[in-house]
Amino acid sequence: MKLFIFIFTALTFLYFTVSHAQEKTLKPSPQFAAGEVLLKFKPKTPKRIILALKESLKVTEEHYTKSIDLYHWKGNFDTETAIQKLQKSKHVLYAEPNYKVQIQKKKKIETH
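Here it is as structure tokens:
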């Protein structure tokens, strides 16, 4: 009887472990915002080049951070395809997805 309970428990554990792992692999959550790219151009890149790339991706929204010379473009485009296209330009210093990040919750520090 003990052997039966042990085998039943082990098989049940295995079943739920495997099914949970399959759920994770079948439904991956995107780790970046869809239709968004962060990019930086090489110094002295002509505005016409920036505008041409922007138009080719059909960018609908742009945020520019002057202090770090960073562009944040949003549009109805596939992020990975857009990055590949941008990286082919000799004027782009870097292009990357707008990664999603989570801030850890503050842990209470116990004092005695």
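Take 14 as the starting number for the sequence shown in the numbering used here and just add one per residue. Note that CB positions come from ideal geometry on N, CA and C, so glycine has one too. Note that the coordinates shown come from a computational prediction; the quantities given were computed from them, not determined experimentally.
Taking residue i as the reference, which of the options has the closest Cα?
i, options, result
"Tyr112", "Ser102, His85, Ile62, Thr78", "His85"
"Glu74", "Asp82, Glu49, Ile96", "Glu49"
"Gly88", "Pro59, Val114, Glu68", "Glu68"
"Thr94", "Ala47, Lys118, Lys60, Thr22", "Ala47"
"Ile62", "Thr25, Ser102, Pro43", "Ser102"
Is it the case that the Cβ atoms of residue i and residue j are separated by a distance below 8 Å?
i, j, result
"Lys71", "Phe45", "no"
"Leu51", "Leu99", "no"
"Ile96", "Pro110", "yes"
Taking all protein chains shown into account, decide if residue i is buried (16 or more other Cβ within 10 angstroms of its Cβ) or exposed.
i, result
"Thr92", "buried"
"Leu66", "buried"
State the start and end residues of the unbroken alpha helix (DSSP H) segment that holds residue i.
i, result
"Glu93", "92-100"
"Lys67", "60-70"
Considering just the uninterrupted stretch of the beta strand (DSSP E) at residue i, what are its terminal residues?
i, result
"Val105", "105-112"
"Lys87", "83-88"
"Lys118", "Segment: none, Lys118 is in no beta strand (DSSP E) and carries neither H nor E."
"Lys53", "45-54"
Problem - Stretch pair the segment 49-61 + the segment 96-111: three plus CB contacts closer than 8 Å - result: Short answer: they touch.
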